[in-house]
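Trainee: Residue numbers (UniProt numbering), protein chains in the order written: chain A, 1 to 335; chain B, 1 to 335.
Please read through the structure below; I'll follow up with questions.
There are 2 protein chains.
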Amino acid sequence: MYSAGDVRVEQRADPTIIEPTDAIVRLVATCICGSDLWPYRGLEPADHQVMGHEYVGIIEEIGADVKNIKVGDFVVGSFVISDNTCEICRSGYQSKCVNAAFVSVAIGTQSDKARIPYADGTLVPTPGQPDEDLIPSLLAASDVLGTGWFAAVAAEAGPGKTVAVVGDGAVGLMAVLAAKQLGADRIIAMSRHPDRQQLALFYGATDIVVERGDEGVAKIKELTNGLGAHSVIEAVGTQESTMQAIRATRPGGHMGFVGVSHDVAIPGPELFFSEIHLLGGPAPVRRFLPDLIELIWDRKIDPGRVFDLTLPLEKAAAGYAAMDERRATKVLLRL
Amino acid sequence: MYSAGDVRVEQRADPTIIEPTDAIVRLVATCICGSDLWPYRGLEPADHQVMGHEYVGIIEEIGADVKNIKVGDFVVGSFVISDNTCEICRSGYQSKCVNAAFVSVAIGTQSDKARIPYADGTLVPTPGQPDEDLIPSLLAASDVLGTGWFAAVAAEAGPGKTVAVVGDGAVGLMAVLAAKQLGADRIIAMSRHPDRQQLALFYGATDIVVERGDEGVAKIKELTNGLGAHSVIEAVGTQESTMQAIRATRPGGHMGFVGVSHDVAIPGPELFFSEIHLLGGPAPVRRFLPDLIELIWDRKIDPGRVFDLTLPLEKAAAGYAAMDERRATKVLLRL
Numbered sequence: 001m002y003s004a005g006d007v008r009v010e011q012r013a014d015p016t017i018i019e020p021t022d023a024i025v026r027l028v029a030t031c032i033c034g035s036d037l038w039p040y041r042g043l044e045p046a047d048h049q050v051m052g053h054e055y056v057g058i059i060e061e062i063g064a065d066v067k068n069i070k071v072g073d074f075v076v077g078s079f080v081i082s083d084n085t086c087e088i089c090r091s092g093y094q095s096k097c098v099n100a101a102f103v104s105v106a107i108g109t110q111s112d113k114a115r116i117p118y119a120d121g122t123l124v125p126t127p128g129q130p131d132e133d134l135i136p137s138l139l140a141a142s143d144v145l146g147t148g149w150f151a152a153v154a155a156e157a158g159p160g161k162t163v164a165v166v167g168d169g170a171v172g173l174m175a176v177l178a179a180k181q182l183g184a185d186r187i188i189a190m191s192r193h194p195d196r197q198q199l200a201l202f203y204g205a206t207d208i209v210v211e212r213g214d215e216g217v218a219k220i221k222e223l224t225n226g227l228g229a230h231s232v233i234e235a236v237g238t239q240e241s242t243m244q245a246i247r248a249t250r251p252g253g254h255m256g257f258v259g260v261s262h263d264v265a266i267p268g269p270e271l272f273f274s275e276i277h278l279l280g281g282p283a284p285v286r287r288f289l290p291d292l293i294e295l296i297w298d299r300k301i302d303p304g305r306v307f308d309l310t311l312p313l314e315k316a317a318a319g320y321a322a323m324d325e326r327r328a329t330k331v332l333l334r335l
Numbered sequence: 001m002y003s004a005g006d007v008r009v010e011q012r013a014d015p016t017i018i019e020p021t022d023a024i025v026r027l028v029a030t031c032i033c034g035s036d037l038w039p040y041r042g043l044e045p046a047d048h049q050v051m052g053h054e055y056v057g058i059i060e061e062i063g064a065d066v067k068n069i070k071v072g073d074f075v076v077g078s079f080v081i082s083d084n085t086c087e088i089c090r091s092g093y094q095s096k097c098v099n100a101a102f103v104s105v106a107i108g109t110q111s112d113k114a115r116i117p118y119a120d121g122t123l124v125p126t127p128g129q130p131d132e133d134l135i136p137s138l139l140a141a142s143d144v145l146g147t148g149w150f151a152a153v154a155a156e157a158g159p160g161k162t163v164a165v166v167g168d169g170a171v172g173l174m175a176v177l178a179a180k181q182l183g184a185d186r187i188i189a190m191s192r193h194p195d196r197q198q199l200a201l202f203y204g205a206t207d208i209v210v211e212r213g214d215e216g217v218a219k220i221k222e223l224t225n226g227l228g229a230h231s232v233i234e235a236v237g238t239q240e241s242t243m244q245a246i247r248a249t250r251p252g253g254h255m256g257f258v259g260v261s262h263d264v265a266i267p268g269p270e271l272f273f274s275e276i277h278l279l280g281g282p283a284p285v286r287r288f289l290p291d292l293i294e295l296i297w298d299r300k301i302d303p304g305r306v307f308d309l310t311l312p313l314e315k316a317a318a319g320y321a322a323m324d325e326r327r328a329t330k331v332l333l334r335l
């Protein structure tokens, strides 16, 4: 991204092994994330920035210390580099690994090859070479599915629970899928876009609420005996969506927030008197990847449907424009 | 409290049973809370306001529907009225009961008698008439002990955990006691007052940190291998103490906040990237009262030491002054 709105695909030098824990991945597919739109729209700085942090591909080369992955393996990687051995990783928060680095900043996987540091800690091989139709779903696991899943876990979605999802982008839709898999009784998707409502229903939503802000909160309370939802997922990252999520959560309930927070300030007194659990942040996708790959491999979930436009990598600029103009929910880029 | 700084003890009409779920309690002891200092200092409005929300006493009269308490019982009550039967109460969040009311606002227990609504849901009888020396500890259970306990539970203090406590007032000290009882490995009290440091050590603190703000955070990190504490308790309620607590918590760790939040705004992006669990608010003391009474009755804990000044109720004004001027940590008022 040369600057806001100016995305170009250019030839760069091939990556090479630098550290003995590195691996070189030849990418098979990558994609454009909702978070890539922040710099595209000029809301975050962009100055000749490499882009992309979601990726699946085949291992082309490994460093001397890589033990769990071999050349030729098909792998899915997390959008945050992690060693998966430090105390924070072992507690399940690999996105805050003491050696964490964001793939988007450090590497940029909207490319045909990528050097992945801490390959053993970041990449997970699939059981074999995947069928072609599984590739979108495996790619989704790299971020949007893993992030939606973390949000649902953070919100403690599960049996007996009513879950409300604020945000109908790819992550919100994946959170619906996750809540369903985790056994939630009732899943309320907050969406006013007919196509996304349909996808939410496909993924397991039981109710659709079109209202937003305080009207949306009132509707959630109306559906929950005046109390609010047990579990609320925030998948946008604005002040309005954050407050909508806090206010839609019942006392003692859980809010999981994964929309990258921009210009948000949470009023302390309101949070105090709402008496809810909060957990959010960059999802520790690595924690969930083995289970998510298994669910996809066994065709128990179909997260790949979240991609509604596929383009060759060379057409990345057209993909950004389609997402920016909301003509696509999520764009897959093929190599 | 006629106005800020002007506390008077005056004769009022005796309370009477209004609802069949009410009880009249003849108070044996009450006390002054740190939160009573906010209006005393003019930081919250006060206009001929009844005061007090912590209380133990003997049941003098009960309404027709009160089943679990009888005349003559010695009882400890929560600082929030709760029916203890609604869905929110049953989930353990009695302080957010659908029929919740703050005793401080609705009743005011710095008095010799009080009408307690939802007596079955709010009051817990002791196993018998307590020995005189147990009264301060039972009174502490009504708020500061119950609040410190909730903070420690919210912060998930327990075996294998390092706990840091921000705030060395009565609640912070009770949180130290709770963390110890819950089995925490290491308990760091953040305090610069020698007498409170001593009490923190008595209650189970293993380390004292005198630094505050970002220096305090740096010290906590130094003591925790650079990661931050697993469990952090916030027991002040200011912007500085809130940020100190957030920053002292390791990724994936838990922060329990019980200092009544005043003029606090939590920056969304910082909270997002800190990736910590949060839970706080007015403590659901009623959830913990049966266990706390048992621990006190069996003399396994001695929370009553937190009272360092005892005065007759008539001298309430002197008690406020002593706490305001930090000559006392917590003042007990005897009837």
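By construction, the Cβ of each residue, glycine as well, lies at the ideal position given by its N, Cα and C atoms.
All of these numbers come straight from a predicted model, not from anything done at the bench.
Select from the region 261-283 of chain B all residues with a C-beta closer than 8 Å to any C-beta belonging to chain A, and list them in chain order.
Mentor: Those residues of the region 261-283 of chain B that come within reach of chain A (Cβ to Cβ, closer than 8 Å) are Ser261, His262, Asp263, Val264, Ala265, Ile266, Pro267, Gly268, Pro269, Leu271, Phe272, Phe273, Ser274, Glu275, Ile276, His277, Leu278, Leu279, Gly280, Gly281 and Pro282.
Trainee: Assess contact between the region 135-147 of chain A and the region 74-85 of chain A, defined as three or more Cβ pairs (one per stretch) separated by less than 8 Å. Is contact present?
Mentor: Yes: at least three Cβ pairs fall under 8 Å.
Trainee: Examine chain A for any beta-carbon lying closer than 9 Å to the beta-carbon of Gln198 of chain B, and answer yes or no.
Mentor: Chain A, which has no Cβ nearer than 9 Å to the Cβ of Gln198 of chain B, makes this no.
Trainee: Among A:Val165, A:Ile32 and A:Gly256, which has the Cα closest to the Cα of Lys219 of chain A?
Mentor: Nearest of A:Val165, A:Ile32 and A:Gly256 to Lys219 of chain A, Cα basis: A:Val165.
Trainee: Threshold first: 3 residues or longer. Then list the beta strand (DSSP E) segments lying entirely within the region 118-196 of chain B, N to C.
Mentor: Correct list: 123-125, 162-166 and 186-190.
Trainee: Following the continuous alpha helix (DSSP H) through Leu309 of chain A, name the residue where it begins and the one where it ends.
Mentor: Looking at the DSSP string, Leu309 of chain A is not in any alpha helix (DSSP H); the run it does join, the beta strand (DSSP E), is Leu309 to Pro312.
Trainee: When DSSP labels each residue in this structure, what does Leu332 of chain A get in the three-state scheme?
Mentor: Three-state result, Leu332 of chain A: strand.
Trainee: Quickly, what does DSSP pair Phe257 of chain B with across the bridge? List them, please.
Mentor: Answer is B:Glu234 and B:Gly280.
Trainee: Within a Cβ cutoff of 8 Å, which residues of the same chain sit near Ala318 of chain A, ignoring the five residues on either side of it in sequence?
Mentor: Within the same chain, Ala318 of chain A has close Cβ partners Leu311.
Trainee: From this set, A:Asn225, A:Ala265, A:Gly213 and A:Glu275, which residue's C-alpha is nearest Ala245 of chain A's C-alpha?
Mentor: When only C-alpha atoms are compared, the closest one is A:Gly213.
Trainee: Alpha carbon to alpha carbon, what distance is there between Pro282 of chain A and Gln22 of chain B?
Mentor: A small correction: the amino acid at residue 22 of chain B is Asp; Gln does not occupy that position in the sequence shown. Asp22 of chain B and Pro282 of chain A: Cα-Cα distance of roughly 49 Å.
Trainee: Which residues mark the beginning and the end of the beta strand (DSSP E) in which residue 336 of chain B is found?
Mentor: Residue 336 of chain B cannot be examined here, being either before or after the span of chain B that is shown, 1 to 335.
Trainee: Per the contact definition of three or more C-beta pairs closer than 8 Å, is the region 160-180 of chain A in contact with the region 55-72 of chain A?
Mentor: Touching, no.
Trainee: Give the DSSP-derived three-state secondary structure of Arg8 of chain A in the structure shown.
Mentor: Coil at Arg8 of chain A, not helix or strand.
Trainee: From the DSSP output, in three-state form, read off Ala322 of chain A for me.
Mentor: Here Ala322 of chain A sits in helix by DSSP.
Trainee: Can you have a look at Tyr55 of chain A and say buried or exposed, based on whether 16 or more other CB atoms are within 10 angstroms of its CB?
Mentor: So Tyr55 of chain A ends up on the buried side.
Trainee: Which residue wins for smallest C-alpha separation from Val210 of chain B, given the options B:Glu314, B:Pro194 and B:Gly253?
Mentor: Nearest option by C-alpha distance: B:Pro194.
Trainee: Give the straight-line distance between the Cα atoms of Arg196 of chain A and Glu222 of chain B, rounded to the nearest whole angstrom.
Mentor: One C-alpha to the other measures close to 48 Å.
Trainee: Taking just the CA atoms, how far does Ala175 of chain A sit from Ser104 of chain A?
Mentor: Their backbone Cα atoms lie some 22 Å apart in a straight line.
Trainee: What does Thr242 of chain A touch in chain B if you count any residue whose Cβ is under 8 Å from its own?
Mentor: What Thr242 of chain A touches in chain B: Gly268.
Trainee: Output, in sequence order along the chain, the residues in the region 77-88 of chain B whose CB is closer than 7 Å to any CB in chain A.
Mentor: Answer set for the region 77-88 of chain B: Glu87 and Ile88.
Trainee: Check for me: the alpha helix (DSSP H) holding Leu289 of chain B runs from which residue to which?
Mentor: Segment Val285 to Trp297, the alpha helix (DSSP H) holding Leu289 of chain B.
Trainee: Would Asn68 of chain A be called buried (16 or more neighbouring beta carbons within 10 Å of its own) or exposed?
Mentor: Exposed, by the Cβ-count rule.
Trainee: Give the C-beta separation of Ser95 of chain A and Thr122 of chain A to the nearest angstrom, bearing in mind that I take them to be a contact with Cβ-Cβ under 8 Å.
Mentor: Going by Cβ atoms, the distance from Ser95 of chain A to Thr122 of chain A rounds to 11 Å, so no, they are not a contact pair.
Trainee: For Leu278 of chain A, which residues in the same chain have their Cβ closer than 6 Å to its Cβ, ignoring the five residues on either side in sequence?
Mentor: Result list for Leu278 of chain A: Met255, in chain order.
Trainee: Relative to the alpha-carbon of Pro267 of chain A, which residue among B:Gln239, B:Ser274, B:Ala321 and B:Gly252 has its alpha-carbon at the smallest distance?
Mentor: Checking every option, the nearest Cα to that of Pro267 of chain A belongs to B:Gln239.
Trainee: Cβ closer than 9 Å: which chain A residues qualify as neighbours of Arg250 of chain B?
Mentor: Simply Glu87, Ile88, Ser91, Tyr93 and Lys96.
Trainee: Closer than 7 Å by C-beta to Pro39 of chain B: which residues in its own chain qualify, once you throw out the five before and the five after it? Chain order, please.
Mentor: Here the set comprises Met1, Ala4, Pro45, Ala46 and Gln49.
Trainee: Quickly, what does DSSP pair Thr30 of chain A with across the bridge? List them, please.
Mentor: Answer by DSSP bridge pairing, in chain order: A:Tyr55 and A:Leu333.
Trainee: Taking a Cβ distance cut-off of 7 Å, strictly less, list which residues of the region 225-237 of chain B are near chain A, in chain order.
Mentor: Per Cβ criterion, the list reads Leu227.
Trainee: Between A:Gly92, A:Ile18, A:Ala101 and A:Ile81, which lies nearest to Asp65 of chain A when the distance is taken from Cα to Cα?
Mentor: It is A:Ile18.
Trainee: Just tell me which of A:Leu289, A:Ile32 and A:Leu295 has its CA closest to the CA of Asn84 of chain A.
Mentor: Comparing Cα-Cα distances from Asn84 of chain A to each of A:Leu289, A:Ile32 and A:Leu295, the minimum goes to A:Leu289.
Trainee: Quick one: Cα of Trp149 of chain B to Cα of Ala157 of chain A, how far?
Mentor: In a straight line, the C-alpha of Trp149 of chain B is about 26 Å away from that of Ala157 of chain A.
Trainee: Taking C-beta to C-beta, are Leu309 of chain A and Leu335 of chain A nearer than 9 Å?
Mentor: Going by C-beta atoms, Leu309 of chain A is not nearer than 9 Å to Leu335 of chain A.
Trainee: I'd like to know whether the C-beta of Gln239 of chain B is nearer than 9 Å to at least one C-beta of chain A.
Mentor: Yes, Gln239 of chain B lies at the interface with chain A (some Cβ there is under 9 Å from its Cβ).
Trainee: What's the gap between the Cα of Val232 of chain B and the Cα of Ala248 of chain A?
Mentor: Distance between the alpha carbons of Val232 of chain B and Ala248 of chain A: 26 Å.
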